[in-house]
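Residue numbers for the sequence shown, in the numbering used here: 120 to 254.
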Amino acid sequence: MKSELFNSAFAMAQKQAQRLVGNRTRLALLLGQLGAKFARVERKGELAGHVKEKLLVFWRLLRAITFRNYRGLSWKAVVGVLAALIYFVNPADFIPDFVPLSGLLDDFSILIWTYNSFQSELEKFLDWERAQEVL
């Protein structure tokens with residue numbers, strides 16, 4: 120039952136992500152929501168170091184996708200990353216964020232799983248990002 124609810128919540132995020140691709144206005148809105156949630160979670164001290172690093176990579180990637188600066192990600196990776204970010208910003212996902220101690224665990228697990236799933240593509244993005252700094 121729990122895994123069905125979790126799968127359902129993430130499947131909804133994936134459907135939203137598919138509709139979001141290419142819509143710069145909605146991507147910019149997601150970027151703002153992500154920044155706000157990141158600040159809220161960080162302020163509470165609930166953001167573990169390794170999750171914070173991955174989330175910052177996702178934030179920079181979302182900016183690069185929104186402003187069409189980076190196009191090296193596969194469709195599957197774009198949708199996967201967007202779905203994870205949509206899931207993260209949604210306060211009423213599988214385990215609502217207001218639930219003490221465990222409310223963000225499902226969010227963090229989705230972020231880590233997504234990062235690990237697309238790590239090779241994310242490494243290419245990081246390489247591209249470093250190259251931009253040199254220019």
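The beta carbon of each residue, even a glycine, is placed where N, CA and C say it ideally should be.
These numbers come from a predicted model, not from an experiment.
Starting from Y234, trace the alpha helix (DSSP H) in both directions and tell me its first and last residue.
224-236
Helix, strand or coil for G141 per DSSP?
In the structure shown, G141 sits in coil (DSSP, three-state: anything other than H, G, I, E or B).
To which residues of the same chain is Y234 closer than 6 Å at the C-beta, ignoring the five residues directly before and after it?
Here Y234 has K173 as same chain residues with Cβ atoms under 6 Å from its own Cβ, once five neighbours each way along the sequence are excluded.
Which one of A183, W178, V198 has the shortest CA to CA distance from K134?
V198
Within 10 angstroms of its Cβ, does S239 collect 16 or more other Cβ (buried), or is it exposed?
exposed
Secondary structure at R249, three-state DSSP: helix, strand or coil?
helix
On the three-state DSSP scale, how would you describe K167?
Just to set this straight, residue 167 is Ala in the shown sequence, not Lys. In this structure, A167 counts as coil in the three-state DSSP scheme.
Proximity of G168 and K243 at Cβ, strictly below 8 Å
no
DSSP state of F186 mapped onto helix, strand, coil
coil
For A130, which of helix, strand or coil comes out of DSSP?
helix
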